[in-house]
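Chains as they are written, first to last, in our numbering: chain A, 1 to 114; chain B, 115 to 230. Below is one structure; the comments refer to it alone.
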Amino acid sequence: NAGVTQTPKFQVLKTGQSMTLQCAQDMNHEYMSWYRQDPGMGLRLIHYSVGAGITDQGEVPNGYNVSRSTTEDFPLRLLSAAPSQTSVYFCASNTGLFGTDTQYFGPGTRLTVL
Amino acid sequence: AQKVTQAQTEISVVEKEDVTLDCVYETRDTTYYLFWYKQPPSGELVFLIRRNSFDEQNEISGRYSWNFQKSTSSFNFTITASQVVDSAVYFCALSEEDNAGNMLTFGGGTRLMVKP
Numbered sequence: 001n002a003g004v005t006q007t008p009k010f011q012v013l014k015t016g017q018s019m020t021l022q023c024a025q026d027m028n029h030e031y032m033s034w035y036r037q038d039p040g041m042g043l044r045l046i047h048y049s050v051g052a053g054i055t056d057q058g059e060v061p062n063g064y065n066v067s068r069s070t071t072e073d074f075p076l077r078l079l080s081a082a083p084s085q086t087s088v089y090f091c092a093s094n095t096g097l098f099g100t101d102t103q104y105f106g107p108g109t110r111l112t113v114l
Numbered sequence: 115a116q117k118v119t120q121a122q123t124e125i126s127v128v129e130k131e132d133v134t135l136d137c138v139y140e141t142r143d144t145t146y147y148l149f150w151y152k153q154p155p156s157g158e159l160v161f162l163i164r165r166n167s168f169d170e171q172n173e174i175s176g177r178y179s180w181n182f183q184k185s186t187s188s189f190n191f192t193i194t195a196s197q198v199v200d201s202a203v204y205f206c207a208l209s210e211e212d213n214a215g216n217m218l219t220f221g222g223g224t225r226l227m228v229k230p
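Here it is, written out as structure tokens:
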């Protein structure tokens with residue numbers, strides 16, 4: 001099992017450009033999430049999904065879109081990149097079974113917006 | 115709303131010293147989970163432990179131990195006889211039962227530097 005994979009690992013954008021961060025998992029997890037990590041602030045939840053076709057907003061959703069057409073994939077779209085979106089982005093997946101659940105994280109995408 | 119506070123932003127120790135990383139949390143739920151993750155310089159997030167709100171037993175795993183005290187809303191992490199390889203950022207996180215998808219709320223992290 002590859003676990004949670006993310007592409008690209010690094011990306012530089014200009015202000016106003018759009019792009020999609022890819023996330024895939026092969027553990028058949030129902031739940032997937034996107035977090036961003038900024039210095040000194042830990043990780044903050046952007047969007048999450050509890051199954052194919054179902055998404056919802058987290059703590060910092062503005063400027064980002066998501067969709068979940070399959071169980072495996074959960075892409076994050078930046079519609080018009082801004083310097084404030086410079087961050088490290090982590091995708092995570094989990095089973096959603098509260099009693100035994102753990103979130104598994106991808107390796108991260110480091111995004112710089114100039 | 116839930117909150118996790120890691121008051122120590124940076125800790126520096128010399129190899130073989132013991133070190134404790136503090137974590138204080140806030141939640142209105144009676145059922146919740148607490149986590150510790152390690153982020154080494156390579157950047158990935160490594161799961162260390164999950165503890166549920168009904169289990170206050172301390173846990174030991176090799177040189178790592180965790181002290182969960184509901185009375186003080188704390189979930190502290192101790193590394194015994196620290197090693198250079200322990201140098202990393204450590205995150206404490208909280209997941210409440212009411213959160214759809216078991217979303218995690220993270221503390222700001224503690225950067226541990228272990229010097230040889």
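Cβ atoms here follow ideal geometry from the backbone N, Cα and C, with glycine treated the same way.
Can you give me the Cβ contacts of A:Met116 inside the same chain, cut-off strictly under 6 Å, excluding the 5 residues immediately before and after it?
Examination of residue 116 of chain A is not possible in this model, given that chain A is present from 1 through 114 alone.
Grab me the residues of A:Phe90's own chain with a C-beta within less than 7 Å of its C-beta, minus the 5 sequence neighbours each way, in chain order.
Tyr35, Gln37, Leu43, Phe105, Gly106 and Gly108
Alpha carbon of A:Ser69 to alpha carbon of A:Val12, nearest angstrom:
27 Å
Here's the rule: buried if 16 or more other CB atoms are within 10 angstroms of the residue's CB, otherwise exposed. What is A:Gly76?
Residue 76 of chain A is actually Leu in this sequence, not Gly. Answer is buried; the Cβ neighbour count reaches 16.
Nearest candidate by alpha-carbon position, reference B:Thr119, set B:Thr219, B:Lys229, B:Val228 and B:Pro230:
B:Thr219
Contacting residues, own chain, Cβ-Cβ under 6 Å from B:Lys117 (five flanking each side not counted):
The answer, listed in chain order, is Glu140.
How big is the Cα-Cα spacing for B:Ile174 and B:Glu124?
23 Å
Interface partners of B:Thr123 on chain A, CB under 9 Å:
Result: Gly40.
Beta-carbon spacing of B:Glu129, B:Gln197 below 8 Å:
yes
Do you know how far the Cα of A:Ser18 is from the Cα of A:Ala81?
6 Å
Short Cβ contact (8 Å threshold) for A:Val4 with A:Gln25:
yes
Can you find a CB in chain A that lies within less than 8 Å of the CB of B:Phe205?
yes
Euclidean distance between Cα positions of B:Lys152 and B:Val133
Rounded to whole angstroms, B:Lys152 to B:Val133 spans 15 Å at the Cα level.
For A:Thr5, report the span of its beta strand (DSSP E) as first-last.
Val4 to Thr7
Counting only runs that start and end within the stretch 38-86 of chain A, where is the beta strand (DSSP E) found for 3 or more residues in a row?
43-51, 54-57, 64-66 and 76-78
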